[in-house]
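From first to last, the protein sequence lines stand for chains W and B. Residue numbering for the first sequence follows our numbering, starting at 1 and increasing by one per position. Residue numbering for the second sequence follows our numbering, starting at 185 and increasing by one per position. The C-beta atom is built at its ideal place from N, Cα and C for all residues, glycine as well. Keep in mind it's a predicted model, so treat the numbers as computed, not measured.
There are 2 protein chains.
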Amino acid sequence: MTKELLLAAMAPHVLANGLATASLRPLAKAAGTSDRMLIYHFGSKEELVAALLDYLAQGFSDGLDASRPTEPARSRAECLAQIVPLIRRPELAGHLRIWFEAVSHAKAGEPNYAKAVHEIQGYFLNWVRLRLPVDDPDPEAATALILTILDGIEMLDATGHSATADQAVALFAQISDGSSGSIS
Amino acid sequence: MTKELLLAAMAPHVLANGLATASLRPLAKAAGTSDRMLIYHFGSKEELVAALLDYLAQGFSDGLDASRPTEPARSRAECLAQIVPLIRRPELAGHLRIWFEAVSHAKAGEPNYAKAVHEIQGYFLNWVRLRLPVDDPDPEAATALILTILDGIEMLDATGHSATADQAVALFAQISDGSSGSIS
DNA sequence: ACCTTCTTGTAGCGACTGCTACAATCGGGG
DNA sequence: CCCCGATTGTAGCAGTCGCTACAAGAAGGT
Numbered sequence: 001m002t003k004e005l006l007l008a009a010m011a012p013h014v015l016a017n018g019l020a021t022a023s024l025r026p027l028a029k030a031a032g033t034s035d036r037m038l039i040y041h042f043g044s045k046e047e048l049v050a051a052l053l054d055y056l057a058q059g060f061s062d063g064l065d066a067s068r069p070t071e072p073a074r075s076r077a078e079c080l081a082q083i084v085p086l087i088r089r090p091e092l093a094g095h096l097r098i099w100f101e102a103v104s105h106a107k108a109g110e111p112n113y114a115k116a117v118h119e120i121q122g123y124f125l126n127w128v129r130l131r132l133p134v135d136d137p138d139p140e141a142a143t144a145l146i147l148t149i150l151d152g153i154e155m156l157d158a159t160g161h162s163a164t165a166d167q168a169v170a171l172f173a174q175i176s177d178g179s180s181g182s183i184s
Numbered sequence: 185m186t187k188e189l190l191l192a193a194m195a196p197h198v199l200a201n202g203l204a205t206a207s208l209r210p211l212a213k214a215a216g217t218s219d220r221m222l223i224y225h226f227g228s229k230e231e232l233v234a235a236l237l238d239y240l241a242q243g244f245s246d247g248l249d250a251s252r253p254t255e256p257a258r259s260r261a262e263c264l265a266q267i268v269p270l271i272r273r274p275e276l277a278g279h280l281r282i283w284f285e286a287v288s289h290a291k292a293g294e295p296n297y298a299k300a301v302h303e304i305q306g307y308f309l310n311w312v313r314l315r316l317p318v319d320d321p322d323p324e325a326a327t328a329l330i331l332t333i334l335d336g337i338e339m340l341d342a343t344g345h346s347a348t349a350d351q352a353v354a355l356f357a358q359i360s361d362g363s364s365g366s367i368s
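Encoded structure:
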């Protein structure tokens, strides 16, 4: 499909400049065509954006999978500590920017975005579960807590409070390791 | 200052319709004046938005303070469990929507928004600390972890994964309570 | 009364938005 | 060969955007 080629050509532009300022003519220029053609192929800007979201989500999950799981973590804390640097890699910054834009639109009630972010979050949830220790007594809840902390870290990073996020990771390690005397 | 009155008149419109679609003419209509006057008073739309962010942040923190701390929590888990329903109150939905919009702009590199969300997050951090148990052995780290989880819950709620957020809260209660035998 | 300064209304500019009408081009099947 | 559908270029429409030029009140000190 020609659509795929167009999406691949537009994706870098969107990752660099965001969705908010992405209007048809600049997008077309980035893809080497005209706004006329984008409408012709995608029908409307709304469907274009939906296709872009799909495409970028695919790229994001590929980027995650590219960080090979090596082997599952040995504890919940180790699981979290391994993932944090992954989501902080600079090459994912563009994707995270789009992520926040999409979440913002979802919170504003736009169904396309709500569906997209719901799916991506669900995918990420599964991805985290695969990195849990295999012998975790409650994998579902552990995944939920780790994902929650990861999302919180993204928010703190976005607001310039990365140091606070680091403190949280450190304390979680202290608390959740049932190995040594972590009783208060 | 007349500015205050204008901001107060525009705030409900922004909370209901978001910042993204807030252009001068609708804002002016909501405030009972003309776009001409908004520019006259605020100089430019950029300064208008900055003033609105300040004003809304004030309203948000007032909304938080209005949920009286009753008394500090008796454990970290109780602290978290008390705050979660507060940030989920429907009357804060508009503020949360603006919050995500602002974070998205901050992530996109706009300095006004970056400064605003950094300050609000810092304010929220302090607010959480005041609700911690007074005898917490490491208040700073505990606040960091609880704030991280709270931010993660907001993200999960925004993406339609509130149930996952609830699981995280439940597991945190189980893990962090150093009272009974929580050793794995 | 007069002049200055603050405030406000009317009208509009130039740039941009998503999208479309119209027509030219092209490739492949009859 | 010729026609027909798919693809593309040119030009432009109607609307919105932030912002401004111009001028008319309004208020108040001298």
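Query, Result
"W:V84 at chain B interface by Cβ criterion, 7 Å", "no"
"Cβ pair B:A193, W:T148 closer than 7 Å", "no"
"Of the listed residues W:L125, W:M155, W:E154, nearest to W:A141 (C-alpha basis)", "W:L125"
"Cβ-Cβ distance between B:A212 and B:H197 below 7 Å", "no"
"Within-7 Å CB hit, B:R273 to chain W", "no"
"Sequence-distant residues of its chain with Cβ nearer than 7 Å to B:D361 (five each side left out)", "S259, A261"
"Supposed contact pair W:I87 and W:E154 - C-beta distance, whole angstroms, cut 8 Å", "7 Å"
"Neighbouring residues, chain B, relative to W:A170 (Cβ below 7 Å)", "A325"
"Rounded separation between W:G181 and W:A106 - CA only", "Bear in mind that a pLDDT of 36 at W:G181, under 50, signals an unreliable position, so the number given afterwards is only what the model happens to contain. Whole-angstrom Cα-Cα distance: 43 Å."
"Minimum Cβ-Cβ distance from B:H345 to chain W less than 7 Å", "yes"
"Under 7 Å between C-beta atoms of B:E275 and W:S104", "no"
"Neighbouring residues, chain W, relative to B:D238 (Cβ below 8 Å)", "Neighbours of B:D238 on chain W: none; closest Cβ ~16 Å, over 8 Å."
"Per-residue DSSP class, three states only, for W:H13", "helix"
"Within chain W, partners of B:G202 - CB distance below 8 Å", "A108"
"Cβ-based neighbour list, B:A195, same chain, cut-off 8 Å, excluding 5 preceding and 5 following", "L236, Y239, L240, G243"
"Neighbourhood of B:H225 by C-beta distance below 7 Å, restricted to the same chain and skipping five residues each side", "T186, K187, L190"
"Candidates W:A50, W:K115, W:A144, W:S61: closest to W:L19 by CA position", "W:A50"
"Where B:L211 sits in the DSSP three-state scheme", "helix"
"W:A73 and W:R131 closer than 7 Å at C-beta", "yes"
"Terminal residues of the alpha helix (DSSP H) in which W:T148 lies", "139-158"
"Proximity below 7 Å, CB of W:G63 to CB of W:L15", "no"
"B:E262: contacting residues in chain W (beta-carbon distance under 8 Å)", "Per Cβ cutoff of 8 Å: no residues; B:E262 is ~14 Å from chain W at best."
"Closest by C-alpha distance to B:R281, when choosing among B:A342, B:V353, B:G216, B:D219", "B:A342"
"Euclidean distance between Cα positions of B:E230 and W:L48", "29 Å"
"Under 7 Å from the C-beta of W:A144: neighbouring residues of chain B", "T348, Q351, A352, L355"
"Option nearest W:T70 by Cα separation, candidates W:A168, W:L171, W:P133", "W:P133"
"Neighbouring residues, chain W, relative to B:Q242 (Cβ below 8 Å)", "In chain order: nothing, as chain W lies at least about 18 Å away."
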